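**Student:** Each residue of the sequence shown is one higher than the one before, starting from 247 at the first, in the numbering used here.
Backbone N, C-alpha and C fix where the C-beta goes; we use that ideal spot for every residue, glycine too.
Here the structure is a predicted model, which is why all the values come from computation and not from measurement.
What follows is a single structure, and I will ask about it in a moment.
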Amino acid sequence: MELRQLQYTLQIAEEKNFSRAADKLHIAQPSLSQQLSKLEQELGVKLFQRNTSTVELTYAGESFIEHARKIMDAVKELRQEMDDISQLRAGRVVIGSMPITGSHLLPYVLPAFKVAYPDIDIVLREDTSLNLEKLTAGGGTDLSLLSLPLQEPTLTYEPIGEEPIDLAVPPQHPLASKAGERNGISLAELKDEPFIVLKKGQGFRKITIDLCRQAGFEPNVVFESNNIETVQSLVAAGMGITLVPHFIARAKRSELIPVYLPLADPAPSRTLVIAYRKGRYLSKAAEAFIETFKQTLAERYSS
């Protein structure tokens, strides 16, 4: 059994298609099929059930994939550890990020990291929080910028900062006149308001719904969007209200700006974290990225 056969099998399992798997592996499809057949003959079992349009894992295949993934992870971690021991001034960190949150924070973090570690490459993968959790759990990223609570039990995390949650209302809304006042708005006051929220699969949607329920009401959701920027535009246009993470509130120079109001004590917040798979070896480059993120966030948003 060869490591490349494990790699080939994992790619087939991910793509569920020989042609796509061969393309991703940059080999000819007949060669891929030949390597799989050779492996199955050696093992004495069928790993995949083939049909005309797709391939599915057999019972033996599911067990094989579970162990193969652990082996390939161990090989990757061994190589990373050896690179660290040899003190090579090179490396790569694959970072997962929620698109909007990342767009407001990473432009400060990434330049600071590049100055400190010019020879470390950063690869950025953006997706919804739910998809990022799955991607991180499967080894698709080294680290991911997420917010608590995490749904994936195989992940652990390091907190990097608390982000206040603000109320966003249309400029013509009666509550807008309270902008600048020191007393925050009670969530219970919003029970009859129309809410605009993110769609399912986005972590901040759950935070919004949970906060409303804790205040004693089910929010009246009138619109949903995949994009928090669209949500804020709809609020500014008078279509409803929403809750917004403080770091991604729109700048005053933007068009369609809601009015942002603090919420009453105990003011809610979300905890931003850098998540990674439990037990995963973190390279020195990954650890350096976490520290750079913490320092940059603390310097920029310290009150």
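1. Leaving out five residues on either side along the sequence, give the residues of the same chain with a beta carbon under 7 Å from the beta carbon of residue 396.
2. Identify whether residue 223 lies in helix, strand or coil by the three-state DSSP scheme.
3. Look at the alpha carbon of residue 417 and the alpha carbon of residue 467, and state the distance between them as a whole number of angstroms.
4. With a threshold of 7 Å on Cβ separation, who are the neighbours of residue 495 within its own chain once the five nearest residues in sequence on each side are excluded?
5. Cα separation between residue 381 and residue 343?
6. For a quick check, are the C-beta atoms of residue 195 and residue 490 less than 8 Å apart?
7. Just mark residue 255 as buried or exposed, buried being the case when its beta carbon has 16 or more other beta carbons within 10 Å.
8. Secondary structure at residue 279, three-state DSSP: helix, strand or coil?
9. Report the CB separation of residue 374 from residue 447 in whole angstroms; it is logged as a contact under 8 Å.
10. Nearest to residue 350 by CA position, among 257, 319, 493, is which residue?
11. Residue 519: buried (16+ other C-beta within 10 angstroms of its C-beta) or exposed?
12. Rank 247, 485, 287, 308 by C-alpha distance to the C-alpha of residue 262 and give the top, closest one.
13. Can residue 385 and residue 319 be called in contact, C-beta distance under 8 Å?
14. Distance check for residue 543 and residue 486, CA to CA, integer angstroms please.
15. What three-state label does DSSP hand residue 417 in the structure shown?
16. Mind checking whether residue 252 and residue 317 have CB atoms under 8 Å apart?
17. Compare the beta carbon distance of residue 540 and residue 406 with 8 Å and say whether it is the shorter of the two.
18. Measuring only the C-alpha atoms, how far is residue 334 from residue 365?
19. Mark residue 390 as exposed unless 16 or more other C-beta atoms lie within 10 angstroms of its C-beta, in which case mark it buried.
20. Residue 513 and residue 429: beta carbons closer than 8 Å?
21. Mind checking which residues open and close the alpha helix (DSSP H) that includes residue 475?
22. Can you tell me which of 315, 264, 325 puts its alpha carbon nearest to the alpha carbon of residue 300?
23. Considering only C-alpha positions, which residue in the set 266, 352, 327, 315 is nearest to residue 546?
24. I need the straight-line Cα distance from residue 533 to residue 357, nearest angstrom please.
**Tutor:** So, from the data block:
1. 379, 403, 521
2. Because the chain spans 247 through 549 in this model, residue 223 falls outside it and cannot be assessed.
3. 20 Å
4. 412, 506
5. 11 Å
6. No answer is possible for residue 195: the residues shown for the chain start at 247 and end at 549.
7. buried
8. helix
9. 5 Å
10. By alpha-carbon distance to residue 350, the top candidate from 257, 319, 493 is 493.
11. buried
12. Sorting 247, 485, 287, 308 by C-alpha distance to the C-alpha of residue 262 places 308 at the top.
13. yes
14. Rounded to the nearest whole angstrom, the C-alpha separation of residue 486 and residue 543 is 31 Å.
15. Of the three classes helix, strand and coil, the one that applies to residue 417 here is coil, per DSSP.
16. Less than 8 Å separates the beta-carbon of residue 252 from that of residue 317.
17. yes
18. Note on residue 334: pLDDT 47, under 50, position unreliable in the model; no value is reported.
19. buried
20. no
21. 474 to 482
22. 264
23. 352
24. Cα-Cα distance, rounded: 16 Å.
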